[in-house]
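The block underneath contains the structure these notes are about, expressed in structure tokens.
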């Protein structure tokens, strides 16, 4: 095999698709030209995650207003005082514990000491705070006074032990901590809600808090809209660029690439690009947003109870292991599924284009079974992917629920023991539940990204294939033909073939000569012309253009000198005028009409409902075989190249079309170097010379009469294959 034309499925096969592969990184790099949209979307997604966490965090003040007697401001003051003292505080009521103590005595009790301020002041745990700065205050006012203390000097507090609650307080000087920025922000937010202790005022406070929650939800969803729209905009632009690059690449690939499954290539354009699009949308749309949301909720949980939150991280290794196992399996199954899409497209195309043959041979059941077998294989991979995806999210949910059950049981025990309050219990459980929601979403997104990685592997295997221009680096333009074209000792074997299609062929064609090429089916007639057009390069030998090897010149300069009319005349699904002007888009209307007249196509074109503006059906299905070939000849006439390659059609041509095609060919080939792959004796007779091929070799050359007199193979062709 020529190393220049090794396709992506061998030398340039991509590494297995995964999020660690170069193909995956290149897939992410597709959005770089549109990064302004992606970056805007990511920042908006982070804003959504933060405000979403804020709306969840607002549950705590809601519960404080509804369930706690101290209310919102009392809770804010108490937690701020705890932060400044480095201790856990509560309200002590001796009537609940000691009948001998005065019933109206209430004070702040230091339950636990967790920081330096009280340790340095040698204040023991289970002490009561009776006075602050020499004033005896109720617990609510005590919390507020400590929280708001902003003097430089230490605050003096009067303390007694619980055992001697009615004793004389002993004053200690305590240097308070400065409140962090989050505490100050929280106190500022709470200050927007009026202080109240009565039920009516507490209800008004609840309305304030609920209004704040609604505003946070509104802002978060505004960010969500901006994020999803911006990321979609950037992703769709990137996919449009990818399809354009893929299309540009495919048009520049050597013909050897298209000897393989074209349907699989179509599947890559459609299905694989869709997989990449879904993966990129998932990655930038939610794969960044949901973890940020989880981290924000995790930070909220840490602030509420850091010990318990860190314990829940024990589930992380299990979740990561589950992601890895399921993601790898999904990626492999999706690679097989994408290949199945290509097979399905190929089977459908073959069936639909051969429908008349299928019906004539009553093979409907056979075709139905063939398509069913392909569909069954696709179904197997689809159901495997669906099973893996269906397995991933429930397993993540089970792991999360187990963790939440353990947390709830532990918290419930602390509520019963009086370690934490009911509202704290409800808030912590709710935050943990909400924290696992983004992780479940990430499970679905991970599977989608893995499927995109499989699509990226197939797409980039095409984009990495060598193009024709890469083979011709440093080539020079080809000058117009002056003398002759020589085929010298050519040997060419198609990839995967056992025998050569061209085997030591030698032929010289003079400028302006009309050469007809005849031979049995498979003798190499079309292959020889494909080598002249450099659709393929020979493994041995040369094609010399005025003595210059055509492999040393640019492809564009070579092919610009050649007009090609194939046996299966190609007609595009555009107007008649655009079909004729294909390859010469700047041609004027008059030139198009003149070319049609010279090809004897003007009459039937004008008889069409729209004339030259009539759009042909797919592959020219609305035209007869003779009309399609005359349209192709008109295209070649308009191109006006000095060399013509004409592969004569033998089917679907009536007598009138044959006569007109022969006349047009005779007139147009006059003075041009013309190669005619002939199937009719009438074409052979007007050629200057006939070349007889057999098994890739030039058997004989001469006129019709000369060959008929001396060449047995030509005599046999005239009797059996060439149509009179």
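Residue numbers (my numbering): 7 to 730.
Even glycine gets a Cβ: it sits at the ideal position worked out from N, Cα and C.
Next item on the list: Say whether the stretch 239-252 touches the stretch 32-48, bearing in mind that this needs 3 or more beta-carbon pairs closer than 8 Å, one atom from each stretch.
Entry: yes
Check: Rounded to the nearest angstrom, how far is the Cβ of residue 93 from that of residue 180, given a contact under 8 Å?
Finding: Between residue 180 and residue 93 the Cβ distance is about 10 Å, and since that is not below 8 Å, they are no contact.
Next item on the list: Assuming residue 133 contacts residue 85 (C-beta within less than 8 Å), just tell me the rounded distance between them.
Entry: Not really, about 19 Å apart at Cβ, beyond 8 Å.
Check: Nearest-angstrom Cα distance between residue 257 and residue 518?
Finding: 31 Å
Note to self: Taking a contact to mean a Cβ-Cβ separation below 8 Å, would you say residue 643 touches residue 605 in this structure?
What the structure shows: yes
Next item on the list: Determine the burial state of residue 564: buried for a count of at least 16 other Cβ atoms within 10 Å of its Cβ, exposed for fewer.
Entry: buried
Note to self: Please identify the residue among 653, 582, 206, 465 whose C-alpha is closest to the C-alpha of residue 251.
What the structure shows: 465
Next item on the list: Locate the beta strand (DSSP E) running through residue 490, then write down its first and last residues.
Entry: 490-498
Check: If we count the other Cβ atoms within 10 Å of its Cβ and call it buried at 16 or more, is residue 278 buried or exposed?
Finding: buried
Margin query: To the nearest angstrom, how far is the alpha carbon of residue 699 from that of residue 715?
Written below: 17 Å
Check: Would a C-beta distance cut-off of 8 Å place residue 131 and residue 162 closer than the cut-off?
Finding: no
Notebook entry, point to check: Between residue 719 and residue 470, what straight-line distance do the alpha-carbon atoms span, to the nearest angstrom?
Noted result: 46 Å
Next item on the list: Report all residues from its chain with a CB closer than 6 Å to the CB of residue 641; omit the five preceding and five following residues, and keep chain order.
Entry: 586, 588
Note to self: Does residue 573 come out as helix, strand or coil in the three-state DSSP assignment?
What the structure shows: coil
Check: In angstroms, rounded to a whole number, what distance separates the CA positions of residue 159 and residue 183?
Finding: 12 Å
Margin query: If contact is defined by three or more beta carbon pairs under 8 Å, each pair taking one atom from either stretch, is the stretch 515-533 in contact with the stretch 683-701?
Written below: yes
Note to self: For residue 609, count the other beta carbons within 10 Å of its own beta carbon; 16 or more makes it buried, fewer makes it exposed. Which is it?
What the structure shows: exposed
Next item on the list: Sort 467, 553, 60 by Cα distance to residue 304 and report the nearest one.
Entry: 60
Item checked: Inter-residue Cα distance where the pair is residue 552 and residue 281 -> 51 Å
Check: Under 8 Å between the Cβ atoms of residue 233 and residue 50?
Finding: yes
Next item on the list: With distances taken Cα to Cα, identify the nearest neighbour of residue 152 among 173, 560, 122, 185.
Entry: 185
Next item on the list: Could you please give me the residues that DSSP links to residue 555 through a beta bridge?
Entry: 550
Notebook entry, point to check: With a cut-off of 8 Å, do at least 3 Cβ pairs link the stretch 534-543 to the stretch 611-625?
Noted result: no
Checklist line | DSSP three-state assignment for residue 585, whether helix, strand or coil | finding: helix
Next item on the list: Specify the secondary structure class of residue 646 as computed by DSSP and reduced to three states.
Entry: coil
Notebook entry, point to check: Can you name, in chain order, every residue of its own chain whose Cβ lies under 8 Å from the Cβ of residue 555, other than the five neighbours on each side?
Noted result: 548, 549
Margin query: Closest to residue 486 by C-alpha separation, out of 568, 382, 377, would be which residue?
Written below: 568
Check: Going by beta carbon distance, what residues of the same chain come within less than 7 Å of residue 222, once the five residues before and after it are set aside?
Finding: 57, 60, 61, 64
Next item on the list: Take the Cβ of residue 505 as the centre, count every other Cβ of all protein chains shown within 10 Å, and call the residue buried at 16 or more, exposed below.
Entry: exposed
Checklist line | Buried versus exposed, by CB contacts within 10 Å (16 or more), residue 676 | finding: exposed
Item checked: Bounding residues of the alpha helix (DSSP H) (the contiguous stretch that carries residue 192) -> 187-197
Margin query: Suppose the cutoff is 6 Å on Cβ atoms and the five residues either side in sequence are ignored; what does the same chain contact list for residue 694 look like?
Written below: 519, 520
Note to self: Assuming residue 133 is part of the alpha helix (DSSP H), what are its boundary residues?
What the structure shows: Run containing residue 133: none in the alpha helix (DSSP H); it sits in the beta strand (DSSP E), 133-138.
Checklist line | C-alpha distance - residue 108 paired with residue 142, whole-angstrom precision | finding: Confidence at residue 108 is low in this model, with a pLDDT of 44, below 50, so its placement is unreliable and the value that follows should be read with caution. Answer to the nearest angstrom: the Cα atoms are 16 Å apart.
Next item on the list: Go to residue 711, then tell me how far its alpha helix (DSSP H) extends in each direction, as first and last residue.
Entry: 710-716
Item checked: Cβ-Cβ separation, residue 286 to residue 458 (assumed contact under 8 Å), whole Å -> 7 Å
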